[in-house]
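J.: Chains A and B are the protein sequences, given in the same order. Mapping of the first sequence onto our numbering: position 77 corresponds to residue 144, and the numbering continues sequentially without gaps. Mapping of the second sequence onto our numbering: position 123 corresponds to residue 190, and the numbering continues sequentially without gaps. Glycine included, each C-beta is placed from N, C-alpha and C at the ideal position.
There are 2 protein chains.
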Amino acid sequence: MDFHKKLREKGLKATPQRLLILNIIKEGGHIDIEDIYNKLKKIIPSISIATIYKNLKLLVDKGIIKDVNISSFKQMYEVNTKEHIHLICKKCRKIYDLDFGEIDIKNFIEKKIDDKIDKIEINVFFLCEKCK
Amino acid sequence: MDFHKKLREKGLKATPQRLLILNIIKEGGHIDIEDIYNKLKKIIPSISIATIYKNLKLLVDKGIIKDVNISSFKQMYEVNTKEHIHLICKKCRKIYDLDFGEIDIKNFIEKKIDDKIDKIEINVFFLCEKCK
DNA sequence: CTTATTGCAAAGGTTTTGCATCGCT
DNA sequence: AGCGATGCAAAACCTTTGCAATAAG
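#1: Assign residue 86 of chain A to one of two classes, buried (16 or more other C-beta atoms within 10 Å of its C-beta) or exposed (fewer than that).
#2: With 8 Å as the threshold, decide whether the Cβ of residue 185 of chain B is near any Cβ in chain A.
#3: If the cut is a Cβ gap below 9 Å, which residues of chain A does residue 103 of chain B touch?
#4: Give the residues of chain B in contact with residue 157 of chain A, contact being defined as C-beta atoms less than 7 Å apart.
#5: Under 8 Å between the Cβ atoms of residue 140 of chain A and residue 185 of chain B?
#6: Compare the C-alpha of residue 166 of chain B against each of B:110, B:94, B:151 and B:137 and name the closest.
#7: Out of A:72, A:198 and A:83, which has the shortest C-alpha to C-alpha gap to residue 158 of chain A?
#8: Just to make sure I have the definition right: I need the residues of chain A whose C-beta is within less than 7 Å of the C-beta of residue 182 of chain B. Which are they?
#9: Who pairs with residue 166 of chain B in a beta bridge, going by DSSP?
#10: Identify which residue in A:81, A:133, A:155 and A:187 has its Cα closest to the Cα of residue 183 of chain B.
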């Protein structure tokens, strides 16, 4: 995952702030603005929250990251990889990713609605093994 | 859909404000706070936005309404009926509901993850007939 | 060197809170 | 009559904006 290259391909400058934001999101898996800001402040204490807001919006627009919307959670971000399902434990609130490849759900729904799907968001709430 | 009864069953008072909020959400299908406020102001000009915030939170807690989270949309609300899929036209942004009954998707995913699902949110982005 | 990006501070918007009053049951 | 709900105004919180200074390419 060469973020520097990815940014340049989209015509964006690869600033330290941007690269750090991307790495923090990647490490966090699913992370919200506040957590990104707190982690970044430890590395660049002068970082401005405005820089983070601006970058998150820009990175979503350029398709480098995705925003994650799950009811009862704050807005979160994830690095844009393959489409996947979010499995959310209703008890510990940990979020697990499950690849679409493993389950051909997009295809399944396309057949059902007899139309082409552009994008699909699936959030499944369950009780994870640890919490059982 | 007797909202008065539903509220009393949950131990809530059936105030005019509350009943109107519920009816506005029902009519709107999927509606955000701002739109609820504007519609309500025409009926009760003295309505306070705080009342709406308090009620929406309460009604979600009590399971009378559901919050709808779709990326790039504002937080919206809908009356809690059956579980369903949201089909969202990427062009006109109209939201269509599709019953789970019609497509046995919950079952499909439960089999795939070999576990029981509590709740599932599915948002599908497509191009509706009118926009084609 | 040029132009995008950053950090700051202020503005703008949204949501919550506390409290006195009101009204459903 | 009692207690929950409302409306108000202030506070708290969150996000955006404009701009001068900075740094990436």
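T.: On the basis of the supplied data:
#1: Counting every other CB atom within 10 Å of its CB across the protein chains shown gives residue 86 of chain A a total below 16, marking it as exposed.
#2: The beta carbon of residue 185 of chain B sits closer than 8 Å to some beta carbon of chain A.
#3: In chain order: nothing, as chain A lies at least about 18 Å away.
#4: Within chain B, the residues near residue 157 of chain A are 185.
#5: No, these two residues do not count as a Cβ contact at 8 Å.
#6: The shortest Cα separation from residue 166 of chain B among B:110, B:94, B:151 and B:137 belongs to B:151.
#7: Nearest option by C-alpha distance: A:198.
#8: Per Cβ cutoff of 7 Å: 193.
#9: Answer is B:151, bridged to residue 166 of chain B.
#10: The shortest Cα separation from residue 183 of chain B among A:81, A:133, A:155 and A:187 belongs to A:155.
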